[in-house]
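This report refers to the structure that appears directly beneath it.
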Amino acid sequence: FAVPRNTDGYDYANYHTLSEINSFQDMLVAENPNMVSKIVIGKSYEGRPLNVLKFSTGGTNRPAIWIDTGIHSREWVTQASGTWFAKKIVTDYGRDPALTAILNKMDILLEIVTNPDGYAYTHSSNRMWRKTRKPNPGSSCVGVDPNRNWDAGFGEPGASSSPCSETYRGPSANSESEVKSIVDFVKSHGNIKAFVSIHSYSQMLLYPYGYTRTPAKDQAELHNLAQKAITDLASMFGTRYTFGSIIDTIYQASGTTVDWTYNQGIKYSYTFELRDTGRYGFILPANQIIPTAQETWLALMAIMDHTFKNPY
Amino acid sequence: KETFEGHQVLRILAKDDVQLSLIKDLEDMIQFELDFWRGVTDVDSPVDVRVPFHSLQSVKIYLESQNIDYSIMIHDLQVMLDEEREEMQSAAR
Chain W
7 FAVPRNTDGY DYANYHTLSE INSFQDMLVA ENPNMVSKIV IGKSYEGRPL
57 NVLKFSTGGT NRPAIWIDTG IHSREWVTQA SGTWFAKKIV TDYGRDPALT
107 AILNKMDILL EIVTNPDGYA YTHSSNRMWR KTRKPNPGSS CVGVDPNRNW
157 DAGFGEPGAS SSPCSETYRG PSANSESEVK SIVDFVKSHG NIKAFVSIHS
207 YSQMLLYPYG YTRTPAKDQA ELHNLAQKAI TDLASMFGTR YTFGSIIDTI
257 YQASGTTVDW TYNQGIKYSY TFELRDTGRY GFILPANQII PTAQETWLAL
307 MAIMDHTFKN PY
Chain V
-10 KETFEGHQVL RILAKDDVQL SLIKDLEDMI QFELDFWRGV TDVDSPVDVR
40 VPFHSLQSVK IYLESQNIDY SIMIHDLQVM LDEEREEMQS AAR
């Protein structure tokens, strides 16, 4: 087996195991010591580190943009896209004026494998696994849907109370260490201005809320920015996205990530559903990783640039 | 290792809200052990659902008896998973 010796040799066009992604992250840190650092924000249920890459050009506690990929473990194209984003950030800094301006004032925080237990399980035991791996007392069914476990409308309609359901919300909000670790980090950081949680696959860009029909107070701005982001995304390969609030665009969903972040005061809270060829679902062929990442990057840049230019 | 021989992924298209509701009823039929890849939203959005081999006949009969259109998006999931694994191993080599 060929093990890449640096991040230039990493194969971005193929799927990788958790250990390979972890090695990639360590290499990126080693190659860019003045810009990239690795923060371990906690541990998964099975004891794996929850790694966040911090891209920073200096300062202390700068305003920050959070991006996480693949909280539902079987969505491999998201973790693969996250890896590509990490390399893109270090490559484009100093070359792309917009990204350079952002990084000169703000930090970017990137959690590439948000649910490492689940991701490892998809490689070893069940490719279709999407939840965490924590056992549920009194049930033979394992795991919680980490996108129903946040303290935003937790337990309301739009999540299941059955441990055997794919949308099981868990026994209580933040019961999953993968969620609680982000909650603690976001609260202690206190200066995160945009939060983008990336999933696949339905080709959507969504903003709060999911648990209530009450519009977010910034809905008009979030809507316009979503439109700009998906227009930029479509400019590369013509991929068409829908956009809107979670509850209006898909269905009522309670306990979701971006509803919580928005209620914490992070105005630019979005959740992505990346591309869908309509033929493969979660088994998206590896040759679509880079196109997916490339087009998504344009939308991310739109959100990051808007956040940078509209401080609050 | 859990395998998915004979599992199919169906793409279901509702014509109206009545059919949408009938598709949503499938979510509650836990004996089918369905895995909704794309959930029920509106008539403009397809529903993708992974159906285990043991439920295929029942689910298809249910859909056909309600005159609900569907197509087979993935004929045998395990075949695709085997191809994916082979591709990864080949790339690693």
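Residue numbers (this note's numbering), protein chains in the order written: chain W, 7 to 318; chain V, -10 to 82. No residue lacks a Cβ here, since even glycine has one placed at the ideal position from N, Cα and C.
{"Check": "Compare the C-beta of V:Glu76 with all C-beta atoms of chain W and state if any pair is closer than 8 Å.", "Outcome": "yes"}
{"Check": "With DSSP run on the structure shown, which of helix, strand or coil describes W:Trp72?", "Outcome": "strand"}
{"Check": "According to DSSP, is W:Asp98 part of a helix, a strand, or is it coil?", "Outcome": "helix"}
{"Check": "Our contact map puts W:Gln85 next to W:Val35 with C-beta atoms below 8 Å; I'd like the distance itself, whole angstroms only.", "Outcome": "That belief does not hold up - the Cβ atoms of W:Gln85 and W:Val35 are roughly 18 Å apart, past 8 Å."}
{"Check": "Does DSSP put V:Arg27 in a helix, in a strand, or in coil?", "Outcome": "strand"}
{"Check": "Starting from W:Tyr257, find everything on chain V with Cβ-Cβ shorter than 8 Å and list it in chain order.", "Outcome": "Gly28, Val29 and Thr30"}
{"Check": "The segment 214 to 247 of chain W: which residues have C-beta closer than 9 Å to a C-beta of chain V, in chain order?", "Outcome": "none"}
{"Check": "For W:Lys273, which three-state DSSP category applies?", "Outcome": "coil"}
{"Check": "Which class does W:Thr89 belong to by DSSP, given the choice of helix, strand or coil?", "Outcome": "helix"}
{"Check": "Beta carbon of W:Gly216, beta carbon of W:Ile252: below 8 Å?", "Outcome": "yes"}
{"Check": "Short check: CB of W:Met33 to CB of W:Asn57, under 8 Å?", "Outcome": "no"}
{"Check": "Do the segment 106 to 123 of chain W and the segment 235 to 253 of chain W make contact, defined as three or more Cβ pairs closer than 8 Å?", "Outcome": "no"}
{"Check": "Cβ of W:Ser208 less than 8 Å from any chain V Cβ?", "Outcome": "yes"}
{"Check": "How many angstroms separate the CA atom of V:Val48 from the CA atom of V:Asp37?", "Outcome": "13 Å"}
{"Check": "Ignore the nearest five residues each way along the sequence and tell me which others in W:Ile295's own chain have a CB closer than 8 Å to its CB.", "Outcome": "Tyr18, Ala19, Asn20, Tyr21, Val83, Ala86, Ser87 and Trp90"}
{"Check": "So with CB distances below 9 Å, who are the chain W contacts of V:Leu70?", "Outcome": "Arg133, Met134 and Ile289"}
{"Check": "When the Cα of W:Gly185 is compared with those of W:Lys137, W:Asn230 and W:Pro214, which residue comes out closest?", "Outcome": "One point to set straight first is that residue 185 of chain W is Val, not Gly, in the sequence displayed. Taking only the C-alpha atoms, the option nearest W:Val185 is W:Lys137."}
{"Check": "What does DSSP give as the partner residues of W:Phe249 in its beta bridges?", "Outcome": "W:Leu211"}
{"Check": "Chain V partners of W:Asp17, CB-CB under 9 Å?", "Outcome": "Ala80 and Ala81"}
{"Check": "Determine, using beta carbons only, whether V:Ile61 comes closer than 8 Å to chain W.", "Outcome": "no"}
{"Check": "Name the residues in the segment 10 to 34 of chain W whose C-beta lies less than 7 Å from a C-beta of chain V; which are they?", "Outcome": "Asp17, Asn20 and Tyr21"}
{"Check": "Would W:Ala292 pass as an interface residue toward chain V - the criterion being a Cβ-Cβ separation below 8 Å?", "Outcome": "yes"}
{"Check": "Just tell me which of W:Arg285, W:Ala232, W:Gly159 and W:Gly196 has its CA closest to the CA of W:Asp265.", "Outcome": "W:Gly159"}
{"Check": "For W:Pro141, count the other beta carbons within 10 Å of its own beta carbon; 16 or more makes it buried, fewer makes it exposed. Which is it?", "Outcome": "exposed"}
{"Check": "Chain W beta carbons: is any one of them nearer than 8 Å to that of V:Val48?", "Outcome": "no"}
{"Check": "Closer than 7 Å by beta-carbon distance: list the chain W residues that pair up with V:Glu(-6), in chain order.", "Outcome": "Neighbours of V:Glu(-6) on chain W: none; closest Cβ ~13 Å, over 7 Å."}
{"Check": "Buried or exposed: W:Gly53, going by 16 or more other Cβ atoms within 10 Å of its Cβ?", "Outcome": "exposed"}
{"Check": "Can you give me the Cβ contacts of W:Leu211 inside the same chain, cut-off strictly under 7 Å, excluding the 5 residues immediately before and after it?", "Outcome": "Ala232, Ala235, Ile236, Tyr247, Phe249, Tyr276, Phe278 and Ala305"}
{"Check": "Please tell me whether W:Glu321 has its Cβ less than 8 Å away from any Cβ of chain V.", "Outcome": "Given that chain W is displayed from residue 7 to residue 318, the structure contains no residue 321 of chain W and the question cannot be resolved."}
{"Check": "Alpha carbon to alpha carbon, what distance is there between W:Ala308 and V:Met18?", "Outcome": "42 Å"}
{"Check": "Measure the C-alpha to C-alpha separation of W:Thr255 and W:His129 and round it to an integer number of angstroms.", "Outcome": "32 Å"}
{"Check": "What's the C-alpha gap between W:Leu280 and W:Asn67?", "Outcome": "30 Å"}
{"Check": "Taking only beta-carbon atoms, is V:Lys(-10) less than 8 Å away from chain W?", "Outcome": "yes"}
{"Check": "Look up W:His319 in the DSSP assignment and give the residues it is bridged to.", "Outcome": "Residue 319 of chain W lies beyond the range of chain W shown here (7 to 318); nothing can be said about it."}
{"Check": "When burial is assigned at 16 or more other CB atoms within 10 Å of the CB, is W:His78 buried or exposed?", "Outcome": "buried"}
{"Check": "Against V:Val(-2), what residues of chain W qualify as contacts under a CB-to-CB distance less than 7 Å, listed in chain order?", "Outcome": "Gly287"}
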